[in-house]
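Step one of this worksheet: look at the structure below.
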Amino acid sequence: MPSAAYADLLRTVSAFIPAEKALGIVGRQVPKCNQTAETLNKAGLKAIRVYVMGAAGLYIPEAGRRQDLENKLAALE
290 MPSAAYADLL
300 RTVSAFIPAE
310 KALGIVGRQV
320 PKCNQTAETL
330 NKAGLKAIRV
340 YVMGAAGLYI
350 PEAGRRQDLE
360 NKLAALE
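In terms of the working numbering, the sequence shown has 335 at position 46, counting the first letter as 1, and numbering is strictly consecutive.
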């Protein structure tokens with residue numbers, strides 16, 4: 290079962306881009322902090338926030354919405 294941090298991250302990213310893209314992005318970035326969906330914690334979120342933002346930002350053309358996502362990701366830490 291995914292951790293609360295993973296579920297929050299996925300829910301947040303999915304609010305800005307299609308769910309299937311969000312799942313792929315989050316799934317590819319989580320291993321970069323040596324964690325899994327089941328073990329992701331706040332320290333892991335902090336470690337991959339920039340990577341998630343960079344990947345998700347490619348699908349968000351409006352600068353204001355990218356900033357909104359960045360703010361929401363920072364709030365998850």
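Yeah, the Cβ is synthetic: ideal placement off N, Cα and C, and Gly gets one too. Predicted, not measured: the structure shown is a model, and the values here were computed from it.
- Within the same chain, LEU358, GLU359 and LEU362 come within 7 angstroms of MET342 by CB-CB distance, once the 5 residues on both sides are set aside.
- The C-beta of GLY313 has fewer than 16 other C-beta atoms within 10 Å across all chains shown, which makes the residue exposed.
- A direct Cα-to-Cα measurement between GLY346 and LYS335 gives close to 17 angstroms.
- Between the segment 322 to 340 and the segment 291 to 303 there are three or more inter-stretch CB-CB distances shorter than 8 angstroms, so the stretches are counted as touching.
- With respect to the 8 angstroms criterion, PHE305 and ARG354 are classified as neighbours on the basis of their beta carbons.
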